[in-house]
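Below is one structure, written out as structure tokens, with a few remarks after it.
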Amino acid sequence: MQRCVVKRVGAVYGRSRSVIGKASSECLHPSFTHRSSSTLLSDHSCDADKLSEAHQYQMHNLVQGKWEQTSKSIELLDPLNGEKFISVPDTSIDEISPFVQSLRACSKSGLHNPLKNPERYLLYGDIMAKAAHLLKQPQVETFFARLIQRVAPKSFAQAVGEVTVTQKFLENFSGDQVRFLARSFVVPGNYQGQQSNGMRWPYGPVAIITPFNFPLEIPALQALGALFMGNKPILKVDSKVSIVMEQFIRLLHKCGMPPTDMDFINSDGPVMNKLLLEAEPKTTLFTGSSKVAEKLALDLKGRVKLEDAGFDWKILGPDVQNEDYVAWVCDQDAYACSGQKCSAQSILFMHENWANQNFLERLKKLASKRKLEDLTVGPVLTVTTERMLDHVKNLLAIPGARVEFGGKPLTNHTIPDVYGALEPTAVFVPLKEILRNEENFALATTEIFGPFQILTEYKHEDLPLVFEACERMHAHLTAAVVSNDVHFLQEVLSNTVNGTTYAGIRARTTGAPQNHWFGPAGDPRGAGIGTPEAIKLVWSCHREIIQDVGPIPNGWSTPQCT
Numbered sequence: 074m075q076r077c078v079v080k081r082v083g084a085v086y087g088r089s090r091s092v093i094g095k096a097s098s099e100c101l102h103p104s105f106t107h108r109s110s111s112t113l114l115s116d117h118s119c120d121a122d123k124l125s126e127a128h129q130y131q132m133h134n135l136v137q138g139k140w141e142q143t144s145k146s147i148e149l150l151d152p153l154n155g156e157k158f159i160s161v162p163d164t165s166i167d168e169i170s171p172f173v174q175s176l177r178a179c180s181k182s183g184l185h186n187p188l189k190n191p192e193r194y195l196l197y198g199d200i201m202a203k204a205a206h207l208l209k210q211p212q213v214e215t216f217f218a219r220l221i222q223r224v225a226p227k228s229f230a231q232a233v234g235e236v237t238v239t240q241k242f243l244e245n246f247s248g249d250q251v252r253f254l255a256r257s258f259v260v261p262g263n264y265q266g267q268q269s270n271g272m273r274w275p276y277g278p279v280a281i282i283t284p285f286n287f288p289l290e291i292p293a294l295q296a297l298g299a300l301f302m303g304n305k306p307i308l309k310v311d312s313k314v315s316i317v318m319e320q321f322i323r324l325l326h327k328c329g330m331p332p333t334d335m336d337f338i339n340s341d342g343p344v345m346n347k348l349l350l351e352a353e354p355k356t357t358l359f360t361g362s363s364k365v366a367e368k369l370a371l372d373l374k375g376r377v378k379l380e381d382a383g384f385d386w387k388i389l390g391p392d393v394q395n396e397d398y399v400a401w402v403c404d405q406d407a408y409a410c411s412g413q414k415c416s417a418q419s420i421l422f423m424h425e426n427w428a429n430q431n432f433l434e435r436l437k438k439l440a441s442k443r444k445l446e447d448l449t450v451g452p453v454l455t456v457t458t459e460r461m462l463d464h465v466k467n468l469l470a471i472p473g474a475r476v477e478f479g480g481k482p483l484t485n486h487t488i489p490d491v492y493g494a495l496e497p498t499a500v501f502v503p504l505k506e507i508l509r510n511e512e513n514f515a516l517a518t519t520e521i522f523g524p525f526q527i528l529t530e531y532k533h534e535d536l537p538l539v540f541e542a543c544e545r546m547h548a549h550l551t552a553a554v555v556s557n558d559v560h561f562l563q564e565v566l567s568n569t570v571n572g573t574t575y576a577g578i579r580a581r582t583t584g585a586p587q588n589h590w591f592g593p594a595g596d597p598r599g600a601g602i603g604t605p606e607a608i609k610l611v612w613s614c615h616r617e618i619i620q621d622v623g624p625i626p627n628g629w630s631t632p633q634c635t
């Protein structure tokens, strides 16, 4: 049995791979500790830095309170060197019956609600307090950050930031905060003995499907939100990174979460789709591509909450100031995590005043500092190098388009061909050409989930064209209006819709902390994450109970029928 230990990383990928070996050591936090975290996590865990072909970790599914194996497994390739390093259950259609039975066993009234098992609200407040304390321990924090880096390579700062957001979320919902999510209200009735009670009610059996790019934060916050409100979730995380959530669930068990409260499955898409059709969860939360989101919406007859893809825009206003800071934020928004964020800056609308201040040179200089050695640029897990280069080539067919920087594959690496490896890339396309026809617009607003962005420029009289572009986009997740001009901010904010919009000279598109709503707008199926409002919206519905206990008035008699 593999134990959970965070050790030195000098030979993580073997001495023969100098670039990758250097990457795995340089990206560590300087306060890295050698202390074992095996006593703080579960007895069945992995050594994040030892994962390799020689030390593969065998993952498990969780169903009906038991960790189970499947008849077949898939061996995952290390995204930095191609070694087989994790064995993931490959659940078949013939093996979904226990999961279906587990969901069907949960009633529509949930595991708890305001009138049933209310002590479970307190239970989860206690679990959150214990888990928050554990996740704040340096060795546990580092373990999860390193595990994230191993399966979704990103800089240590980005990886540990994900752990920190999750830890803060756990703190936020410690103590009485879980039961406060179920706060009800009472409205007086028409006479004595009558009153209406508005309550937040669970759905009961629910499903959660999450992507690869935030292996801990997204599934943890959504699964816990579902549990807080009294639901029983089945969780499927992209198998490329699901080891992170497996380890987190084991941590929750150690903190007192009943093992039967949630199920955890590893499977391909068609198998999960079959499971959902058979088990009929009352709602399904999906975070991922728009194409899959729309298919699920049809298959599940609209019983979905969606946080799908985002082609996210940023507008630089007319007031040029703090150029170095704004350039740095633009670089972070576009290229941190190699652009693999649903909130990544996809298109930058620059007012001509910024273009006249050599702003593009600042962006180019910052992008050139990103390197594989510290994972500030790295493998792209869902888009191949060939696909990204073909997209650049197609964009260059638009009149006036040019590669501003990048546009070349990364060199001197051992990233497997199934993944992408591209320099941070920006392609300039004239605004009027983007809007000229549907073909150009579709091409320029195609989301490339990698280190890639579109640049364009506008004059003040062209602002209606910018609004037209924003209006024609289909996904409305995040956006940024970079300006301290109050009237400009009012004009832009009043004519756009994105659900998480940052405004002001420090505005960004990325960042999903635990302290504000993060989610799309403009779609009744839209889901949020992280806040009490998001949890109540996604994981509960409104139930009204009208108490009418009397007394019946003295002398009452049966009236005429109406």
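Sequence positions in the sequence shown follow this note's numbering and run 74 to 635. For glycine and all other residues, C-beta sits at the position ideal for the given N, C-alpha and C. Quick caveat: nothing in here was measured; it's all calculated off a predicted structure.
Run of the beta strand (DSSP E) containing residue i, from where it starts to where it stops
{"i": "ILE388", "result": "385-389"}
{"i": "THR487", "result": "Where THR487 is concerned, there is no enclosing beta strand (DSSP E), given that its DSSP letter is neither H nor E."}
{"i": "PHE478", "result": "475-478"}
{"i": "ILE307", "result": "305-310"}
{"i": "ILE282", "result": "278-283"}
Alpha-carbon to alpha-carbon, residue j and residue i
{"i": "SER160", "j": "PRO331", "result": "26 Å"}
{"i": "GLU148", "j": "PRO162", "result": "9 Å"}
{"i": "GLU606", "j": "LEU550", "result": "17 Å"}
{"i": "GLU244", "j": "HIS185", "result": "22 Å"}
{"i": "LEU17", "j": "LYS414", "result": "Lying outside 74 to 635, the shown extent of the chain, residue 17 is not represented and no answer is given."}
{"i": "ARG173", "j": "GLY451", "result": "Per the sequence presented here, residue 173 reads as Val, with Arg not at that position. Roughly 38 Å between the two C-alpha positions."}
{"i": "LYS181", "j": "ASP151", "result": "41 Å"}
{"i": "ALA553", "j": "THR582", "result": "5 Å"}
{"i": "ASN134", "j": "VAL502", "result": "47 Å"}
{"i": "LYS505", "j": "MET318", "result": "45 Å"}
{"i": "ILE316", "j": "ALA205", "result": "20 Å"}
{"i": "LEU477", "j": "ASN346", "result": "Checking the sequence, you will find Glu at residue 477 rather than Leu. Distance between the alpha carbons of GLU477 and ASN346 is about 42 Å."}
{"i": "VAL402", "j": "CYS119", "result": "35 Å"}
{"i": "ILE619", "j": "HIS560", "result": "48 Å"}
{"i": "LYS368", "j": "VAL279", "result": "18 Å"}
{"i": "VAL453", "j": "SER228", "result": "14 Å"}
{"i": "ALA417", "j": "LEU188", "result": "42 Å"}
{"i": "GLN250", "j": "ASN588", "result": "14 Å"}
{"i": "GLU353", "j": "GLN394", "result": "54 Å"}
Residue i in three-state terms, based on DSSP
{"i": "ARG273", "result": "strand"}
{"i": "ASN245", "result": "helix"}
{"i": "ILE147", "result": "strand"}
{"i": "LEU172", "result": "The displayed chain sequence assigns Phe, not Leu, to residue 172. DSSP places PHE172 in helix when its eight states are reduced to three."}
{"i": "LYS139", "result": "strand"}
{"i": "TYR492", "result": "coil"}
{"i": "ASN134", "result": "strand"}
{"i": "GLN633", "result": "coil"}
{"i": "GLN526", "result": "strand"}
{"i": "GLY628", "result": "coil"}
{"i": "HIS424", "result": "strand"}
{"i": "THR164", "result": "strand"}
{"i": "LEU337", "result": "The residue asked about is misnamed: residue 337 is Phe in this sequence, not Leu. Strand, per DSSP."}
{"i": "ALA255", "result": "coil"}
{"i": "GLN418", "result": "strand"}
{"i": "PRO261", "result": "strand"}
{"i": "GLN320", "result": "helix"}
{"i": "PHE158", "result": "strand"}
{"i": "ILE200", "result": "helix"}
{"i": "ALA515", "result": "helix"}
{"i": "LYS444", "result": "coil"}
{"i": "CYS119", "result": "coil"}
{"i": "GLN268", "result": "strand"}
Alpha helix (DSSP H) segment containing residue i, residue limits
{"i": "LEU468", "result": "458-468"}
{"i": "HIS185", "result": "First-last for HIS185: undefined, no H or E at that position."}
{"i": "PHE501", "result": "It is not in any alpha helix (DSSP H) - PHE501 instead sits in the beta strand (DSSP E) that spans 498-501."}
{"i": "ILE291", "result": "290-301"}
{"i": "PRO343", "result": "342-352"}
Going along the chain, which unbroken runs of the beta strand (DSSP E) with 3 or more residues stay wholly within the region 538-624? The region 538-624 contains these whole beta strand (DSSP E) runs: 551-555, 573-576, 614-621.
Would you call the region 273-283 in contact with the region 608-628, where contact means no fewer than 3 C-beta pairs closer than 8 Å? At 8 Å Cβ cutoff, the stretches touch.
Output the residue ranges of the alpha helix (DSSP H) runs that lie fully inside the region 206-232 and measure 4 residues or longer, sorted by chain position. 211-224
Ranges of the alpha helix (DSSP H) found wholly within the region 354-389, counting only runs of at least 4: 363-372
With a threshold of 8 Å, are at least 3 pairs of Cβ atoms found where one atom belongs to the region 118-132 and the other to the region 430-446? no
Take every Cβ of the region 288-304, pair it with every Cβ of the region 250-264, and state whether three or more of those distances are shorter than 8 Å. yes
For the region 483-490 against the region 504-519, do three or more pairs of beta-carbon atoms, one drawn from each stretch, fall closer than 8 Å, so that the two count as touching? no
Does the pairing of the region 320-328 with the region 198-214 give three or more beta-carbon distances under 8 Å? yes
If we count Cβ pairs, one from each stretch, closer than 8 Å, do we get three or more for the region 279-288 versus the region 344-358? In this structure the region 279-288 touches the region 344-358; the number of beta carbon pairs closer than 8 Å is three or more.
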